[in-house]
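Using this note's numbering, the letters of the sequence shown map in sequence onto residues -8 to 333.
Built from N, CA and C at the ideal position, the CB exists for glycine as well.
For clarity, every value in this text was computed on a predicted model and none was experimentally measured.
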Amino acid sequence: MTYESAGEGIMAPELQGGYWLQGGPLTMSSLRGRPVLVDFWDYTCINCLRTLPYLVEWHRRYSPHGLVIIGVHTPEFSFARRVDDVRRAVAEFGIQYPVVLDNDYAIWRAYNNRFWPAKYLVDAHGRLRYFHFGEGAYQATERAIQQLLREVDPSLRLPEPMAPLRDEDRPGAVCYRVTPEVYLGFLRGSVGNPTGLLPKQAANYRDPGLHAEGFFYLHGPWVAEEECVYRPWDALDRSRLSLRYTSREVNLVANPLSGQPGRLDVWQDGAPLDRSTAGSDVRWDEEGQSYLQVDVPKMYRLVANQDVGHHELTLATSSPGMALYAFTFVSCAIPGWEMRLQ
C-alpha cells in the first residue's frame, strides 16, 4: 500500500531547530485541537513540485475548518539553504501555508524521515496517524484529512476529494519505466567517462563516443565538486555533456555560480528542441537554437516530449561557473493499463 497507518500511540515530534519563513513559529503543542499535515519538501525536487498543487488546494479547502499544513523545507543541495531563494520559490508556487527552513536537518531527523516528498498527518491530540512517501495517494490522503477534521467536528460538511490533476495520479494508474535520477557531482555522480571524475580540479574530459543509458558523459573543460560539475572560470573551449535517457520529460537542477545569467544550449537526438519537445523554461535564439537561460539556482524544465521514448540529450555552455547538479525524469500513464486495488 502507498498509504499507510502509523498507529494511534506515536506522538508527533516537535518542530524545533528551523527558521520560520512564513506563518510561524509554530509548535505541535500549540496546535493541539487541530489536525496538522507536515510536508517535507525541497524546491529543486520534481516529485515535491508535482505534489504542491494538491497541498495548495488542501490548504484552501480545509484551513477554514482547522487543518494546518506545515511545509518543512529540507534542502537536498547546499545552495537550497539560502533564505531568499526559498522565499522566491514559495511565492512562485503560491504557497500560503506556514513554511519552516530545516537547513540543519533537525526536523528531518526528529521524524526519522528519508524521502522527498514525505507527508505526516497528525491528529488533534498530537498523535501521528498516517504517512505517505513520494507522489500519489492524493485522494486517500485527502480522505484521511477529512477523517481527522470530522473527529474534531462530526457535523462538518466537506467536499469530495480532488479529481486527479494528471492521468498518472489516478488510483491504479500504471506508468512507463523511466531513467532514474542522475546526479552529477563526484559523491553520487553516474559518470560514464572511463577516467571517472577528478574531484575539485579543472580537467579536460574526452567523451568516449559510446553512451549507456543513465550515465552522463563530459567533454571539454569541467570541474567536479561534491554535488555538481561546473564550467571552469578561465576555460577556453566549450564544455559539453551528453546523456542517454528514457522518459517523457526531463528536468535539470542548475545554478549560475557567477551570480550572472548563463546560457546552456540544448539538443535532443542531434537537433535543437522544437515547440513540441521543449520544456517550459526553454528559449530560442534568432538562429533557432534552443537554450536555457540559467539566472537563478532552481530546477529547470528542459524537455517535454509527447510520449515516453529513448533519446540522447546534449548540453553545451561557454558561461563560466555554469553548474549542473542533477537530471530528473517524468513518466506518464500507460493507456488502458490499471492496477486492481484491493
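At which residues does the beta strand (DSSP E) containing ALA314 begin and terminate? Position 323 of the sequence shown holds residue 314. Taken as a continuous stretch (DSSP letters only), the beta strand (DSSP E) holding ALA314 covers 313 to 321.
Unbroken beta strand (DSSP E) run spanning PRO212, endpoints: Numbered from its first residue, the sequence shown carries residue 212 at position 221. Run containing PRO212: 207 to 215, per the beta strand (DSSP E) assignment.
Other residues of its chain near ALA314: CB distance less than 6 Å, five sequence neighbours each side excluded: Residue numbering aside, residue 314 sits at position 323 when the sequence shown is read from its first letter. The residues are CYS219, TYR221, ASN246 and LEU248.
Going by DSSP in three states, PRO145 sits in which element: helix, strand or coil? Along the sequence shown, one-based indexing puts residue 145 at 154. Coil, per DSSP.
Any 3 or more C-beta pairs closer than 8 Å across the stretch 67 to 87 and the stretch 132 to 151: no
Buried or exposed for LYS110, going by 16 or more other Cβ atoms inside 10 Å? In the sequence shown, the residue the question calls residue 110 occupies position 119. LYS110 comes out buried.
Backbone secondary structure at LEU201 - three-state DSSP: For this step, residue 201 is matched to residue 210 along the sequence shown. Three-state DSSP puts LEU201 in coil, outside helix and strand.
Does the stretch 18 to 26 come within contact of the stretch 111 to 122, defined as at least 3 CB pairs closer than 8 Å? Taking a cut-off of 8 Å on C-beta distances, the stretch 18 to 26 touches the stretch 111 to 122, as three or more cross pairs fall below it.
Is it a yes or a no for the stretch 98 to 117 touching the stretch 1 to 12, going by three-plus beta-carbon pairs under 8 Å? Taking 8 Å as the limit for Cβ pairs, the verdict is that the stretch 1 to 12 does touch the stretch 98 to 117.
Exposure label - ASN296; buried when at least 16 CB within 10 Å: Residue mapping note: residue 296 aligns to position 305 of the sequence shown, counting from 1. ASN296 should be labelled buried.
Rank LEU189, HIS210 and GLY205 by C-alpha distance to the C-alpha of PRO199 and give the top, closest one. Numbered from 1 along the sequence shown, position 208 holds the residue referred to as residue 199. It is HIS210.
Give, in chain order, every unbroken run of the beta strand (DSSP E) that is at least 3 residues long and sits entirely within the stretch -6 to 72. 10 to 13, 27 to 32 and 59 to 64
Using three-state DSSP, classify ILE86 as helix, strand or coil. Taking the first residue of the sequence shown as 1, we reach residue 86 at position 95. ILE86: coil per DSSP, three-state reduction.
Given PRO145 as reference, the closest of TRP258, ALA215 and GLY57 once Cα atoms are compared: Stepping through the sequence shown from its first residue, residue 145 is reached at position 154. Considering only alpha carbons, the answer is GLY57.
Minimum C-alpha distance to ALA317 - residue among ALA128, CYS36 and ASP95: Reading the sequence shown from its first residue, position 326 is the one you call residue 317. Out of ALA128, CYS36 and ASP95, CYS36 has the C-alpha closest to the C-alpha of ALA317.
Taking the straight line between their C-alpha atoms, what separation do you get for TYR(-6) and PHE207? Along the sequence shown, one-based indexing puts residue -6 at 3. Along the sequence shown, one-based indexing puts residue 207 at 216. Residue placement at TYR(-6) cannot be trusted, given a pLDDT of 31 that sits under 50; what the coordinates show is reported in the next sentence. Between TYR(-6) and PHE207, the C-alpha separation is close to 35 Å.
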